[in-house]
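**Q** For reference, the structure I am asking about is given below.
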Amino acid sequence: MTMAHAERGGTVLLAIESATLEVGAALWSDDGLLATASARPGRQHAERLHPLIAEVLDVASLTPASIGALAVDLGPGLFTGLRVGVAAAKAIAFGLGLPLYGLHSTVVLQAAAGERSGSVVAVVDLRRGEVAWSAGASLERGTPEALTAKLLAMTPPLLLVGDGAIRHGAEFTERLVGAGCAAPEIAGEELAAPPVAVLARLGFAAAERGERGDPFALEPAYLRDADVKINWSTRHDEGAAAVQV
Amino acid sequence: MHCWPGPFDRWGGPAMAELVLALETSCDETAAAVVADGRHVRSSVVSSQVDLHARFGGVVPEIAGRAHLEHLLPVIDEALASAGLNRADGPRLAAVAATCGPGLIGSLLVGVSAAKALALAWGVPYVAVNHLEGHLFASLLEAPDLEHPAVVLLVSGGHTLLVRLDAPGRYALLGGTVDDAAGEAFDKVARYLGLGYPGGPAIEAAARRGDPAAVAFPRPMLDEGLSCSFSGLKTAVVTTVRARPELTTEDVAASFQAAVVDVLVHKALAAARAVGARSICLAGGVGANGPLRARLKEAAAAAGLATYLPSRAMCTDNAAMIAACAFARLERSGASPLDSGAEPSMGFPTT
Ligand SMILES: [Zn+2]
């Protein structure tokens, strides 16, 4: 903790989200949410993220020196966006000597759905016919069919959140109803991407618990091996062919 | 991790020195460096991923992006420590810089995002640097008394450029390859001959045991201005090997290398003559090639020109050259905005 917030008596946590289609930043303290800002930038995660961090600090009338801990979305999500967020979070944590907590996007999505009876399943679209999901503490990857088989065994009522739930919602509903189960509830666009304010709240709780949060050790959850398509122009051109999101 | 020129003691120089921390992640090297006043290298750390990509015979973009993120903090930490600094000195830096292009987008963004974040955290300017312009500053770091105007032959896996250097930060593009870069031709031919990756050192090693006069490979576009072409030469290697199976790999490698070196030396001297240059510099990874260095030096001397051949560490991608370039950029055009990104196909900058 730096002097600034030690004097105020509490930690301020900066949360960074850029693992999915949304980028955002939020500040959380003992008093709850101080500021949050997000955008849907297409592929421009790197362009939008840093100004949003500056914006939340500005809104809360704080300087970077007031930050006492960080949280970042570790994915699963879009590879390049994910790296933009994790690189920024690692750099700020290193530069200011602060703990950094990594949380999976599915965990943030589940928390965003709130407490309720039955089962909450967070589903993130991994493209190429695959999804990642969390039900409880697990994090798994597979086809929507594989997830359906798991959904059949869960305690109803089912709530599915995340962009994967929206994208494959009709398919899940059809298969569950076909198997004689109740149709799952599919959350709307407001729970398509992990809300950065929820990431901030969960990160703040980790900081309060005194978890270590080593920024050097943090690794994104890619959940999939790298594509080994060689960039023949090994050095500096053919950028477009190398784009992988 | 390779550290050059070696750890410094806790730096005790004049308090007013302007220190720039730069990151370079455009391709398959994760690098960080601290440079004082744009010309004194305090530290230069390079973590190469070459072993990760070798079995694929080329750079795999997604593997490169992942490795950059993994090496990011250890490399920055090492660069600061070797310069006698630590993170608490961050707010004293003149700037934090990063290569913003050209390069692999997923690789560039790791350095850009981290550099912007450090600049924001420490409250110092961020400076985005063109990688090609950065290479030109390598000679300035090692040979500050270089005689201008100079011609820089910038040859690597991704570029083959001839540049007129009038002063630090003042230059013009004279010519370049119309197809494959010289280093790319080395990689492709080495792969075809089964010599492994990266191709430059592999071909150079095989060529030592071969006869450069065994095959008279074409010297494409030799007398056609300052542009060059290497894809025809690569095709000629394939055709020759098929037609003459009795040729040894060593002889083919030596003859191929001789042809590339011939074209590059010829073009560099033609460029020097065309602009009345007083010296010729090498830059880029192919600049580490022994026969190219020897032939260029010899030919330039015969033409009454000085040559400057940077160390291998300065030829290949490093962050010290990016820091030096950033220092000049900061003085000339100020900081880059926090909403700037990366540009994979960024061209040579015009001044
Ligand atoms: Zn280069």
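So the sequences go chain by chain: A and B.
Using my numbering, read the first sequence as starting at 1 and increasing by one per residue.
Using my numbering, read the second sequence as starting at 1001 and increasing by one per residue.
A virtual CB, placed ideally from N, CA and C, is assigned to each residue, including glycine.
#1: Could you name the residues of the stretch 48 to 72 of chain A whose beta carbon sits closer than 9 Å to any beta carbon of chain B, in the order they occur along the chain?
#2: Can you check whether the C-beta of Ile1280(B) is within less than 7 Å of a C-beta belonging to chain A?
#3: List the residues that DSSP assigns as beta-bridge partners of Gly142(A).
#4: Who are the neighbours of Gly95(A) on chain B, taking C-beta pairs under 8 Å?
#5: Short of 7 Å in beta carbon distance, which residues of its chain neighbour Ala1324(B), apart from the five on each side in sequence? Order them along the chain.
#6: Pick out the complete alpha helix (DSSP H) segments inside the stretch 1197 to 1242 of chain B, 4 residues or longer, and give them in chain order.
#7: Count the CB pairs spanning the stretch 175 to 193 of chain A and the stretch 152 to 165 of chain A that are closer than 8 Å, and state whether there are at least three.
#8: From the DSSP secondary-structure annotation, give me the bridge partner or partners of Tyr1171(B).
#9: Alpha carbon to alpha carbon, how far is Val108(A) from Gly102(A)? Give it in angstroms, no decimals.
#10: Excluding five sequence neighbours on each side, which residues of the same chain lie with their C-beta closer than 8 Å to the C-beta of Cys1027(B)?
#11: Grouping DSSP H, G and I as helix and E and B as strand, with all else coil, what is Leu1104(B)?
#12: Taking 6 Å as the cut-off, does the CB of Asp1180(B) come closer than this to any heavy atom belonging to ligand 1?
#13: Does DSSP put Val228(A) in a helix, in a strand, or in coil?
#14: Kindly indicate the opening and closing residues of the alpha helix (DSSP H) around Leu100(A).
#15: Grouping DSSP H, G and I as helix and E and B as strand, with all else coil, what is Cys181(A)?
#16: Return yes when at least one heavy atom of ligand 1 lies under 6 Å from the C-beta of Asp1317(B), else no.
#17: Do you know how far the Cα of Glu1224(B) is from the Cα of Gly239(A)?
#18: Name, please, each residue of chain B whose Cβ falls closer than 8 Å to the Cβ of Pro215(A).
#19: For the stretch 1031 to 1063 of chain B, which residues have a beta carbon sitting closer than 7 Å to at least one beta carbon of chain A?
#20: For His1357(B), name the three-state secondary structure that DSSP assigns.
#21: Is any beta-carbon of chain A found at less than 7 Å from that of Gly1341(B)?
#22: Between Ser1000(B) and ligand 1, is the CB less than 6 Å from at least one heavy atom?
#23: Does the CB of Leu1269(B) have a neighbour CB from chain A at under 7 Å?
#24: Is Cys1027(B) helix, strand or coil by DSSP?
#25: Could you tell me the distance, in whole angstroms, from the CA atom of Leu52(A) to the CA atom of Val1041(B)?
#26: From this set, His104(A), Val72(A) and Val121(A), which residue's C-alpha is nearest Ile92(A)'s C-alpha?
#27: When you measure from the CB of Ser1156(B) to every non-hydrogen atom of ligand 1, does any distance come out below 6 Å?
#28: Using the Cα positions of Ala1181(B) and Ala1202(B), report the straight-line distance between them to the nearest angstrom.
#29: Less than 8 Å between the CB atoms is what I'm expecting for Ala111(A) and Gly213(A), so what's the real figure, rounded?
#30: Taking the C-alpha atoms as reference points, what is the distance between Ser1311(B) and Gly10(A)?
#31: Roughly how many angstroms separate the alpha carbons of Gly1188(B) and Lys1234(B), rounded to a whole number?
#32: Compile a chain-ordered list of the residues in the stretch 83 to 94 of chain A whose CB is closer than 7 Å to at least one CB of chain B.
#33: Please say whether Val1152(B) and Cys1315(B) have beta carbons closer to each other than 7 Å?
#34: Measuring alpha carbon to alpha carbon, tell me which residue in Ser117(A), Thr20(A) and Val84(A) is nearest Ser1340(B).
#35: Look up Asp73(A) in the DSSP assignment and say whether it is helix, strand or coil.
#36: Is the distance from the Cβ of Gly95(A) to the Cβ of His45(A) below 7 Å?
**A** For this structure:
#1: Arg48, Leu49, His50, Pro51, Ile53, Ala54, Leu57, Thr63, Pro64, Ala65 and Ile67
#2: In the second sequence, counting from the first residue as 1, residue 1280(B) sits at position 280. No, no contact with chain A.
#3: Working through the first sequence from its first residue, we reach residue 142(A) at position 142. In the DSSP output, where bridge partners are listed per residue, Gly142(A) has Val131(A).
#4: Residue mapping note: residue 95(A) aligns to position 95 of the first sequence, counting from 1. Simply Arg1087, Gly1090, Ala1117, Leu1118, Ala1121 and Trp1122.
#5: Numbered from its first residue, the second sequence carries residue 1324(B) at position 324. Once the five neighbours on either side are set aside, the close Cβ partners of Ala1324(B) are Val1035, Gly1038, Arg1039, Phe1137, Leu1140 and Leu1141.
#6: 1199 to 1207
#7: yes
#8: What you label residue 1171(B) is simply residue 171 of the second sequence in a count that begins at 1. Answer is Leu1165(B).
#9: Locating residue 102(A) in the first sequence gives position 102, where the first residue counts as 1. Locating residue 108(A) in the first sequence gives position 108, where the first residue counts as 1. Taking the straight line joining both Cα atoms gives about 11 Å.
#10: Here residue 1027(B) refers to the residue found at position 27 of the second sequence. Taken in chain order, the residues that qualify are Val1059, Ala1064, Gly1103, Leu1104, Ser1107, Gly1157, Gly1158 and Asp1317.
#11: By 1-based counting over the second sequence, the position of residue 1104(B) is 104. Of the three classes helix, strand and coil, the one that applies to Leu1104(B) here is coil, per DSSP.
#12: Translated into the one-based positions of the second sequence, residue 1180(B) becomes position 180. Because no heavy atom of ligand 1 lies under 6 Å away, the Cβ of Asp1180(B) does not count as near it: no.
#13: The count along the first sequence starts at 1 and reaches residue 228(A) at position 228. If DSSP states are grouped into helix, strand and coil, Val228(A) belongs with coil.
#14: Here residue 100(A) is taken as the residue at index 100 of the first sequence, counted from 1. Run containing Leu100(A): none in the alpha helix (DSSP H); it sits in the beta strand (DSSP E), Leu100 to Leu103.
#15: To locate residue 181(A), count along the first sequence from 1; it is residue 181. Looking at Cys181(A) - three-state DSSP - the assignment turns out to be coil, as it is neither helix nor strand.
#16: Translated into positions along the second sequence, residue 1317(B) becomes position 317. Result yes, Cβ under 6 Å from ligand 1.
#17: On the first sequence, position 239 is the one that residue 239(A) refers to. On the second sequence, position 224 is the one that residue 1224(B) refers to. With a pLDDT of 32 at Gly239(A), under the threshold of 50, the modelled position of that residue is not reliable, and no figure is offered here.
#18: Taking the first sequence and counting its residues from 1, one reaches residue 215(A) at position 215. Those are Leu1073, listed as they occur along chain B.
#19: Phe1056, Gly1057, Gly1058, Val1059, Val1060, Pro1061, Glu1062 and Ile1063
#20: There is simply no residue 1357(B) to check, as chain B begins at 1001 and stops at 1351 in what is shown.
#21: The residue labelled residue 1341(B) in the question sits at position 341 within the second sequence. Yes, contact with chain A.
#22: What the structure shows of chain B is the stretch from 1001 to 1351, and residue 1000(B) is not part of that stretch, so it cannot be assessed.
#23: On the second sequence, residue 1269(B) is found 269 positions in, with the first residue counted as 1. No, Leu1269(B) lies away from the interface with chain A (no Cβ there is under 7 Å from its Cβ).
#24: Locating residue 1027(B) in the second sequence gives position 27, where the first residue counts as 1. Cys1027(B) falls in the coil class under three-state DSSP.
#25: Your numbering for residue 52(A) matches position 52 in the first sequence. Your numbering for residue 1041(B) matches position 41 in the second sequence. Approximately 34 Å between the Cα atoms of the pair.
#26: Locating residue 92(A) in the first sequence gives position 92, counting from the first residue. Nearest C-alpha to Ile92(A): Val72(A).
#27: Your numbering for residue 1156(B) matches position 156 in the second sequence. Because some heavy atom of ligand 1 lies under 6 Å away, the Cβ of Ser1156(B) counts as near it: yes.
#28: What you label residue 1181(B) is simply residue 181 of the second sequence in a count that begins at 1. What you label residue 1202(B) is simply residue 202 of the second sequence in a count that begins at 1. Going by the C-alpha atoms only, they are around 17 Å apart.
#29: Along the first sequence, read from residue 1 onward, the residue named residue 111(A) stands at position 111. Along the first sequence, read from residue 1 onward, the residue named residue 213(A) stands at position 213. Not confirmed; about 18 Å, so no contact.
#30: Taking the first residue of the second sequence as position 1, residue 1311(B) is located at position 311. Taking the first residue of the first sequence as position 1, residue 10(A) is located at position 10. Rounded to whole angstroms, Ser1311(B) to Gly10(A) spans 52 Å at the Cα level.
#31: Position 188 of the second sequence, counted from the first residue, corresponds to residue 1188(B). Position 234 of the second sequence, counted from the first residue, corresponds to residue 1234(B). According to the sequence shown, residue 1188(B) is Lys rather than Gly. When rounded, the distance between both Cα atoms is 7 Å.
#32: Arg83, Val84, Val86, Ala87, Ala88, Lys90, Ala91, Ile92 and Phe94
#33: By 1-based counting over the second sequence, the position of residue 1315(B) is 315. By 1-based counting over the second sequence, the position of residue 1152(B) is 152. Their beta carbons are not under 7 Å apart, which means Cys1315(B) does not touch Val1152(B) by this criterion.
#34: Counted from its first residue, the second sequence places residue 1340(B) at position 340. Taking only the C-alpha atoms, the option nearest Ser1340(B) is Val84(A).
#35: Indexing the first sequence from 1 puts residue 73(A) at position 73. Here Asp73(A) sits in strand by DSSP.
#36: Numbered from 1 along the first sequence, position 95 holds the residue referred to as residue 95(A). Numbered from 1 along the first sequence, position 45 holds the residue referred to as residue 45(A). No. Outside cutoff.
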